[in-house]
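Student: Before anything else, here's the structure in question.
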C-alpha cells in the first residue's frame, strides 16, 4: 500500500486563513520528512458558508491548487504532489495547462494531474457555467490540456473552446505529461471504460466498501477487456486519526469527528456508516481497519484526511507521526483480496 495526505484546507472560524495555509504547509513538510508517498490538494470556490449552528466557516480555502502545489514543492523534496481534484470545467484549459506545467517544473517533475467534473452547483453558478454541460466541458478541456502539452503548433475547434495554432510554453518536465488521474465516486461502467481506454488512473473520494469493491471489479474487468493484466492503482479517501489507544483517540479526537459529521450534514445526507468507515483509534485498530479495507475492496492507495474539524496542529502532527511510524510499516506489502460475499454481507 501507498499513502498520501489530503488537504481540503477547511477554514473553521477558530483559525485565520493565513494560519490554515501555514499549518497545511507544515503538515506537507512533515509528511515528506516522515516518508509518505503523496499529498493531494483540492479545489473549491465561494465556500464561505454556515457551518454548525450557523457559525461562519469556509469549506475549502484551496481555490488555486497549482499555486499551492508550488508552495508545497518549496517545503518538500520527495512527495508526489497531486490534485484531488482540479475542476476542469470551471477554467479555460490553456490556463490549467500552463499552471500545471509550471508546478511540474518547480516541483522537479512531481505533479500528479488529478481532474474531475466538480459537484457543487454554486461553484458553477459563480463562474456562470451550466453544470449540465460539465461532462462535455471536462472531456474537451482534458483533450486540450494534453494536446498543448504534447504537441507544438496545436490548434483546436470545439463546442466550448477554439484554440488558434499556438505552442504552449512552458511544458511539463514529465514526458509525455504528468500522470492523469480521473475522479469518479459512483464507479459507473461508462466512466471506468473512459479511464481505462485512455490509460488514466482512477481517483475515488469517500465511498462505502461495497461500492468500492464493485468499482474495483468493474475496473479489473474493463482492463482485462483492453488486454491489461498488470497491477494498477486503486485509490480512496478516508479520515484518519491515530492515538496511543482507542480510548485516547475518542477522548482527543471525538469532538472533531462530531464537528465534521455535523457540518457535512448541512451539505449532504450523512449516516453512521461514514463514521464507522473512518480510520480512527489506537495503532492496532487503525492497522486492522486499513488491512480489512484493502482486503475487501482492492484499495492499494489510501488518501488520508488527517486534518479535519478544526483539529489543533499539534494533534494533527502527532497523529501523522504515529501513523507513519507505527501503522504504515505494517501495511506496505500487498493485501490479498477476500471473496466478494464478505463485502456483500456487511
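Numbering (the numbering used here), first residue to last: 2 to 347. Ideal placement from N, C-alpha and C gives every residue a C-beta, glycine not left out. Only a predicted model underlies this, so the values are computations on that prediction, with no experimental measurement involved.
1) What does DSSP give as the partner residue(s) for residue 36 in the beta ladder?
2) For residue 309, which option in 190, 182, 320 has the closest C-alpha, if you only look at C-alpha atoms?
3) Return helix, strand or coil for residue 161, following the three-state DSSP convention.
4) Can you check whether the CB of residue 20 is closer than 9 Å to the CB of residue 307?
5) Go through its chain and collect everything with a Cβ distance to residue 322's Cβ below 6 Å, but skip five positions before and after it.
6) Put residue 183 into one of helix, strand or coil per three-state DSSP.
7) Which residues in the same chain as residue 39 place their Cβ atom closer than 6 Å to its Cβ, once the five residues preceding and following it in sequence are excluded?
8) In the DSSP assignment, find the unbroken beta strand (DSSP E) run with residue 147 in it and report its ends.
9) For residue 25, which option in 34, 37, 10 has the closest C-alpha, if you only look at C-alpha atoms?
10) Buried or exposed for residue 238, going by 16 or more other Cβ atoms inside 10 Å?
11) Using DSSP with H/G/I as helix, E/B as strand and the rest coil, what is residue 320?
12) Can you find the residues in the same chain that come closer than 7 Å, C-beta to C-beta, to residue 79, ignoring five residues on each side of it along the sequence?
13) Taking its Cβ as the centre, do 16 or more other Cβ atoms sit within 10 Å of residue 17, making it buried, or is it exposed?
14) Candidates 333, 288, 282, 262: which alpha carbon is nearest residue 276's?
15) Let's test the definition: count the other Cβ atoms within 10 Å of the Cβ of residue 142 and tell me whether it reaches 16, buried, or not, exposed.
16) According to DSSP, what are the bridge partners of residue 215?
17) By DSSP, does residue 53 sit in helix, in strand, or in coil?
18) Is DSSP giving residue 326 helix, strand or coil here?
19) List the residues that DSSP assigns as beta-bridge partners of residue 302.
20) By a C-beta neighbour count over all protein chains shown, 10 Å radius and 16 as the cutoff for buried, is residue 124 buried or exposed?
21) Assuming residue 114 is part of the beta strand (DSSP E), what are its boundary residues?
22) DSSP three-state label for residue 284, please.
23) Between residue 241 and residue 155, what straight-line distance do the alpha-carbon atoms span, to the nearest angstrom?
24) Does residue 166 pass the burial test, meaning 16 or more other C-beta atoms within 10 Å, or should it be called exposed?
25) Measuring CB to CB, does residue 71 end up less than 9 Å from residue 104?
26) With burial defined as no fewer than 16 other Cβ atoms inside 10 Å of the residue's Cβ, what is the status of residue 244: buried or exposed?
27) Can you grab the Cα-Cα spacing for the pair residue 168 / residue 150, in whole Å?
Tutor: In short:
1) On the chain shown, position 35 is the one that residue 36 refers to. Residue 36 pairs with nothing; no bridge assigned.
2) Here residue 309 refers to the residue found at position 308 when the chain shown is read from its first residue. Closest by alpha carbon: 320.
3) Within the chain shown, residue 161 is the residue found at index 160, counting from 1. In this structure, residue 161 counts as coil in the three-state DSSP scheme.
4) On the chain shown, position 306 is the one that residue 307 refers to. On the chain shown, position 19 is the one that residue 20 refers to. Contact: no.
5) To locate residue 322, count along the chain shown from 1; it is residue 321. Excluding sequence neighbours, residue 322 sits near nothing in its chain.
6) Position 182 of the chain shown, counted from the start, is the residue given in the question as residue 183. If DSSP states are grouped into helix, strand and coil, residue 183 belongs with the strands.
7) One-based indexing of the chain shown puts residue 39 at position 38. Contacts found: 5, 81, 83.
8) The count along the chain shown starts at 1 and reaches residue 147 at position 146. First-last for residue 147: 135-151, but that is the alpha helix (DSSP H), not the beta strand (DSSP E).
9) In the chain shown, the residue the question calls residue 25 occupies position 24. Closest option to residue 25, Cα to Cα, is 10.
10) One-based indexing of the chain shown puts residue 238 at position 237. With 16 or more other Cβ atoms within 10 Å, it is buried.
11) On the chain shown, position 319 is the one that residue 320 refers to. Correct three-state label for residue 320: helix.
12) Here residue 79 is taken as the residue at index 78 of the chain shown, counted from 1. Once the five neighbours on either side are set aside, the close Cβ partners of residue 79 are 33.
13) Counting from one through the chain shown, the residue named residue 17 turns up at place 16. Exposed, because fewer than 16 other Cβ atoms sit within 10 Å of the Cβ of residue 17.
14) Indexing the chain shown from 1 puts residue 276 at position 275. Among 333, 288, 282, 262, the Cα nearest to that of residue 276 is on 262.
15) For the purposes of this step, residue 142 is identified with residue 141 of the chain shown, where counting begins at 1. Buried, since its Cβ has 16 or more Cβ neighbours within 10 Å.
16) Here residue 215 refers to the residue found at position 214 when the chain shown is read from its first residue. In DSSP, residue 215 forms no bridge with anything.
17) Position 52 of the chain shown, counted from the first residue, corresponds to residue 53. With a pLDDT of only 47 at residue 53, under 50, the local geometry of the prediction cannot be trusted, and the value read off the model is given with reservation. Here residue 53 sits in helix by DSSP.
18) What you label residue 326 is simply residue 325 of the chain shown in a count that begins at 1. It is helical.
19) Against the chain shown, residue 302 aligns to sequence position 301. According to DSSP, residue 302 bridges with 3, 236.
20) As a working note, residue 124 is residue 123 in the chain shown. With 16 or more other Cβ atoms within 10 Å, it is buried.
21) One-based indexing of the chain shown puts residue 114 at position 113. Taken as a continuous stretch (DSSP letters only), the beta strand (DSSP E) holding residue 114 covers 112-117.
22) As a first step, residue 284 must be located in the chain shown, where it is residue number 283. Helix at residue 284.
23) Taking the first residue of the chain shown as 1, we reach residue 241 at position 240. Taking the first residue of the chain shown as 1, we reach residue 155 at position 154. Spanning the two alpha carbons is a distance of roughly 44 Å.
24) Here residue 166 refers to the residue found at position 165 when the chain shown is read from its first residue. Looking at its Cβ environment, which holds fewer than 16 other Cβ atoms inside 10 Å, residue 166 is exposed.
25) Locating residue 71 in the chain shown gives position 70, counting from the first residue. Locating residue 104 in the chain shown gives position 103, counting from the first residue. Yes.
26) Residue 244 sits at position 243 when you count from the first residue of the chain shown. It is buried - the Cβ of residue 244 has at least 16 other Cβ atoms within 10 Å.
27) Against the chain shown, residue 168 aligns to sequence position 167. Against the chain shown, residue 150 aligns to sequence position 149. Residue 168 and residue 150: Cα-Cα distance of roughly 9 Å.
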